[in-house]
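Residue numbers (the numbering used here): 14 to 122. For glycine and all other residues, C-beta sits at the position ideal for the given N, C-alpha and C. In this text, all values refer to a predicted model and were calculated from it rather than measured experimentally. See structure below.
Put into structure tokens, the structure is as follows:
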């Protein structure tokens, strides 16, 4: 769950942009009832909102891709560190066993 916090922190500004662009803000109809002028204006507003939405989604997707690539790189680095530390622990256990054996042999003499 903690992995998603940086992603969420990055995504929140774009999510608000997407929501505000996706909510259609239709032009109110004039009192005279000239629907011929209102409909093309509403269509332009919707097209503008869709364009802004597409740009926001594209930006969000690029940042999400970069975040996932960063997480993958960090996971690979951590995996290498785990392998190194495991080998170091095995080496330390062998050295400790050898030291215990030498100590027992020295006490026995």
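- In the same chain as residue 76, and ignoring 5 residues on each side of it, the C-beta atoms closer than 6 Å to its own belong to 23, in chain order.
- Within the model, the alpha-carbon separation for residue 94 versus residue 122 is close to 42 Å.
- Spatial neighbours of residue 27 in its own chain (CB-CB distance under 7 Å, excluding positions within 5 residues in sequence) are listed in chain order as 69, 72 and 73.
- When the five nearest sequence neighbours on each side are left out, the beta carbons in the same chain lying within less than 8 Å of the beta carbon of residue 19 are those of 80, in order along the chain.
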